[in-house]
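Data block below; observations after.
Residue numbers (my numbering): 877 to 1165.
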């Protein structure tokens, strides 16, 4: 093989085949390319450009919500079941999928002193109407509409609820806005005290554990749930559910009234179907306050 042909062959496949590059290196080591040191240098550069190998170990924790069937079976009963398997294991095995729509509250009065004065703006009320219309248009059988107890989230949920008659409304203090965990990288415009991370972080983590998990084994059918809360809470939930570093929550942005959709399968797998979807609103109705 000529030097020119070898170079063309290596360059043609370097972007997609590290195996070919390695084979060429082996051939060079055996002297098949003579004293063509330029080829050796080219191969070294190509090797350096190859992407790192994907980890062969499975880094996904299937028991992230502590509801994996194997962890919920009493060991003694499992032994008594013999070779026929564990009846308790089958009974504890989830069968339904949970679909969770996380809604960020609509635009509100930033100048309000205290939560009660931070009511929705006229634009915010319009945004909530659009979100309610969108959820209704999906034609899904929603099981519950849970919302933060803060004024802006409560008002947003009440407007959405008008478009979803018969869906139960539930208020929850755990879903209130806060500082879930110190973000990385840090930002200069927002620096809560360490005690706020300590207090809010524990509360928001408690909310995550209450609402984001696989279905109960007793649940027979798939469920569709709506949670109206806040940007910090939603972003933290997404990072935790996908097993991403939670410190990265502030790297994501959410429009007011947007829809973030999580899917949790019976086996513990989680998928992000949409993140901050607000495409159902006219462009002049979008905001991120």
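Note that the Cβ used here is the ideal one computed from N, Cα and C, for glycine as well.
For residue 1022, the uninterrupted beta strand (DSSP E) segment begins and ends at 1020 to 1024. Counting C-beta pairs closer than 8 Å gives three or more between the region 1134 to 1143 and the region 1106 to 1117, which meets the contact rule. Between residue 1128 and residue 1111, the C-beta gap is smaller than 8 Å, which places the two residues in contact. DSSP, reduced to helix, strand and coil, places residue 1014 outside both helices and strands of the structure shown, so it counts as coil. Residues 1099, 1100 and 1101 of the same chain have their beta carbon placed closer than 7 Å to that of residue 1019, with the five preceding and five following residues left out of the count. Between residue 1123 and residue 972 the beta-carbon gap is near 32 Å, outside 8 Å, which marks them as no contact. Annotation for residue 1085: 941 place their beta carbon closer than 8 Å to its own, counting only its chain and skipping 5 residues before and after.
The region 1030 to 1073 is shown to contain whole beta strand (DSSP E) runs of 3 or more residues at 1044 to 1048, in chain order. Following the DSSP letters along the chain, one finds residue 1110 inside the alpha helix (DSSP H) bounded by residues 1107 to 1117.
Residue 1103 is positioned such that its CB atom lies no closer than 8 Å to that of residue 1162. The C-beta of residue 983 has 16 or more other C-beta atoms within 10 Å across all chains shown, which makes the residue buried. Contact annotation: the region 1015 to 1035 does not touch the region 1056 to 1069, with fewer than three C-beta pairs closer than 8 Å.
Under the three-state reduction of DSSP output, residue 973 falls in the coil class, being neither helix nor strand. Beyond the five residues adjoining it in sequence on each side, residue 1080 comes within less than 7 Å, by CB distance, of 1054, 1056, 1109 and 1112 in the same chain, given in chain order. With a threshold of 16 other beta carbon atoms within 10 Å, residue 981 meets it and is buried. Looking at the DSSP output, residue 979 bridges to 1104 and 1135.
The distance from the Cβ of residue 1044 to that of residue 1021 is about 7 Å, consistent with a contact at the 8 Å cut-off.
Annotation for residue 1146: the continuous beta strand (DSSP E) segment containing it runs 1146 to 1153.
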